Structures are given as structure tokens and as C-alpha cells.
Amino acid sequence: MKLKKKKGNGLSTLENRYGWGFITPSTILITILVFIPMIQAFITSLQSGLANNLRFVGIENYIRLLSDQTFLKAAGNTFLYLIIQVPIMIILSLIIAATLNDKKLKFKGFFRIAIFLPCITSLVAYSIIMKSLFANDGIMNQLLLNLNLISSPIQWVTDSLFAKILIIIAITWRWTGYNMIFYLSGMQNIDPSIYEAAEIDGASTFTKFTKITIPMLKPIILFTTITSTIGTLQLFDEVVNITGGGPANATITLSQYIYNLSFKYSPNFGYAAAVAFVIVIAIVILSIIQMKVGGKDND
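Going letter by letter, the sequence shown gives residues -1 to 297 in the working numbering.
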């Protein structure tokens, strides 16, 4: 049976119908479950009050954000985690992946599983472990005391500075292995002859890493940077389970503040939705910047 070619795309009419048949259910589901709720959430952000008694207030909620000290604190903490933690995690992931990609390394499978394991660990379980490790009488303080690096136990959870450091350590420990898998997969697809040619030219291990590995992994690095940025801007579980946002909101994030506005304080779903859209706007802006900067050489 001859299939009539459809002009323009080179597909037959039957193939074109099959294509639409495959994507239509997904498009409908995404529209119902994602786009419609997003529109409803934006409408809610222009309202104020309880869910059954909302009144339209326009951009009043967004104006209120500028003078809300708790919001400003949460935004500052969230972007602090982003600026410090994401670069550290990306660099660590690259170094670990390069190390585990060495053909001479023994027990590579064990190390890969061990480093990736935190990613599939229960958020609550690993938060409890972190609190235990960094407790006043925990292993970390005992180790630092035995090494004479500190004279008294560090208040990891109750000190505002060290509580932030603890959150950064926790999310770095959990997600470094996740990014490592992407880099390791990319490294294994790099033609070994490129490295062999570099070795013949006398290139050092560091030179090969910076001049060959990193440029070849640029699309993957861009992808992991964007996903890590999105994840950090939505940071919630670690803060709630480890520090509870304390002490005195020293570690609170935007996502936790949204939760507090909706379920902990007197419920104000309109204002909570406005805070949520700040995260959406931040994600869009940062993703565009990262794609413009990181995607220049891929155009």
C-alpha cells in the first residue's frame, strides 16, 4: 500500500496521524495537570484571604513582598545556598567522575554506588542522620575536638552561621552523586583517541581535564547547572527536617516560607502564591542566563 507523502515534512499522512495520536494524550495531561494549575495559581496570587473567601487585590501581594522581612530573609538564604552550593557540587561531581572514569581504578562499581546512594536515600532518614552526625556530641564535633581543630563543640543547628553551613553540606552530600552520574556517562562517550593524542603532545592530566574533558561535557554541565539551580531554589525538605528554618529564620528558604504561609501561619494562599511565582520568575531568568552563557559555543 502506497502512503501519500505529506508536503513539507516528508511524512506520510498515516505516519503524521500516528504522531499526533502519540503526543495528544501527553499534551492534554500536561495542560490539565501543569498549565491550568499554573494559571490558577497566578490568579490566586492576585487575591488575598482563605481558599473559600478570596478577594481580588491586584498586585498588592507583590508590593507587600518588598517590605516583608521574612520574605527578604528567605530569598537571601535561598540565593546564598544557590551561589555557594551549586558551584561546589558541580566541581566536586566533575572531579569525582573524572577519578572514577580512570580505567586503572579498582572497585569502581563500589565507589559509584557509594557516592550515588545518598540520592536514593529517604529525605527524612538522611536529615536525621545529618542532625545526629552534627549534634553537639556527634561524630563531627568529636572528630574536630580530637584533631584539636576546635576547643569546644560547634553548635551546628542552633548557630545561624553554622546552621547554613550544615544545610550546604547536607544538600551537597545528597546531590553530588546525582550529577556525577551524568558526567561519568558523558566521559565514557568521549573518544579515547583524543586523550591519546593529547598524551603524545605531552599534555598533563590537569590539562586534559580542563582542555578536553570539560569542553566536551559543556552541554551536560549546562544541563546539570540548570537542574541544580531549580532544585536549590525549591529547597525545602533539608531545611525543614534539619533546622526547621531556625534559629530565628536564619536558614529559612522560599519554599518553606510558602509552606508556612499556607499551613503554619494564618493561611493566606494568595500571598503564598505570589511568593511561589517569585521562584518561578527566578528560575526562568537564571535558566535563560545560564543557557545564553553556557550555550554560546553550541550555537
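The C-beta atom is built at its ideal place from N, Cα and C for all residues, glycine as well.
A quick note: this is a predicted structure, and the numbers were derived from the prediction, not measured.
* Using the rule of at least 16 other Cβ atoms within 10 Å of the residue's Cβ for burial, across every protein chain shown, is I219 buried or exposed? -> By one-based count along the sequence shown, residue 219 stands at place 221. Buried, by the Cβ-count rule.
* Cut-off 6 Å between Cβ atoms - residues of its own chain near L284, not counting five sequence neighbours on either side -> As a working note, residue 284 is residue 286 in the sequence shown. For L284, where only same-chain residues beyond five positions count, the Cβ hits under 6 Å are T227.
* Asked: Are the beta-carbon atoms of L44 and V32 separated by less than 8 Å?
  -> On the sequence shown, residue 44 is found 46 positions in, with the first residue counted as 1. On the sequence shown, residue 32 is found 34 positions in, with the first residue counted as 1. V32 is positioned such that its CB atom lies no closer than 8 Å to that of L44.
* If you count every other CB in all the chains shown that lies within 10 Å of the CB of V278, and 16 or more means buried, which is it? -> Position 280 of the sequence shown, counted from the start, is the residue given in the question as residue 278. V278 should be labelled exposed.
* Same chain, Cβ closer than 7 Å to K290, five either side skipped, listed in chain order -> To locate residue 290, count along the sequence shown from 1; it is residue 292. Only residues of its own chain outside the window of five on either side were considered, and among them none has a CB closer than 7 Å to the CB of K290.
* Close-in-space but distant-in-sequence residues of the same chain around A248 (CB under 6 Å, 5 per side omitted) -> Counting from one through the sequence shown, the residue named residue 248 turns up at place 250. Only S158, A161 meet the Cβ criterion.
* Helix, strand or coil for S264, going by three-state DSSP, please let me know. => Sequence index remark: in the sequence shown, residue 264 carries index 266 (1-based). Annotated three-state conformation of S264 is coil, per DSSP.
* **Span separating the alpha-carbon of A39 from that of Y269** => Numbered from its first residue, the sequence shown carries residue 39 at position 41. Numbered from its first residue, the sequence shown carries residue 269 at position 271. Rounded to whole angstroms, A39 to Y269 spans 11 Å at the Cα level.
* In the structure shown, what three-state DSSP assignment does Q153 receive? -> Here residue 153 refers to the residue found at position 155 of the sequence shown. The answer is coil: DSSP assigns Q153 none of H, G, I, E or B.
* Would N51 be called buried (16 or more neighbouring beta carbons within 10 Å of its own) or exposed? -> Position 53 of the sequence shown holds residue 51. Looking at its Cβ environment, which holds fewer than 16 other Cβ atoms inside 10 Å, N51 is exposed.
* To do: Please classify F54: does DSSP put it in a helix, a strand, or coil?
  => Locating residue 54 in the sequence shown gives position 56, where the first residue counts as 1. Reduced to three states, the DSSP call for F54 is strand.
* When the distance is taken between beta carbons, is A196 closer than 8 Å to I210? -> For the purposes of this step, residue 210 is identified with residue 212 of the sequence shown, where counting begins at 1. For the purposes of this step, residue 196 is identified with residue 198 of the sequence shown, where counting begins at 1. It is a contact, given that the beta carbons lie within the stated cut-off.
* Q254 in three-state terms, based on DSSP -> Your numbering for residue 254 matches position 256 in the sequence shown. For Q254, the three-state secondary structure derived from DSSP is helix.
* To do: Could you name each continuous alpha helix (DSSP H) segment of 4 residues or more that falls completely within the stretch 101 to 128, going from the start of the chain to the end?
  => Runs of the alpha helix (DSSP H) spanning 4 or more residues and lying entirely within the stretch 101 to 128 occur at 106 to 114, in chain order.
* Asked: Are there 16 or more other CB atoms within 10 angstroms of the CB of M36, so buried, or fewer, so exposed?
  -> By 1-based counting over the sequence shown, the position of residue 36 is 38. Around the beta carbon of M36, fewer than 16 other beta carbons sit within 10 angstroms, so the residue counts as exposed.
* **Cβ-based burial, I198 [other Cβ within 10 Å; buried from 16]** => In the sequence shown, counting from the first residue as 1, residue 198 sits at position 200. Taking every protein chain shown into account, the CB of I198 has fewer than 16 other CB atoms within 10 angstroms, so this residue is exposed.
* Could you check what DSSP says for S46 in three-state terms: helix, strand or coil? => Residue 46 sits at position 48 when you count from the first residue of the sequence shown. Three-state result, S46: strand.
* Boundaries of the alpha helix (DSSP H) in which G242 is found, first to last residue -> Counted from its first residue, the sequence shown places residue 242 at position 244. No alpha helix (DSSP H) holds G242; DSSP gives it neither H nor E.
* Ends of the alpha helix (DSSP H) at N177? -> As a position in the sequence shown, residue 177 is number 179, starting the count at 1. It spans 158 to 185 - the alpha helix (DSSP H) in which N177 sits, taken as one unbroken run.
* To do: Leaving aside the five residues before and after Y124 along the sequence, list all residues of the same chain whose C-beta is less than 7 Å from its C-beta, in chain order.
  => What you label residue 124 is simply residue 126 of the sequence shown in a count that begins at 1. Here Y124 has P116, R172 as same chain residues with Cβ atoms under 7 Å from its own Cβ, once five neighbours each way along the sequence are excluded.
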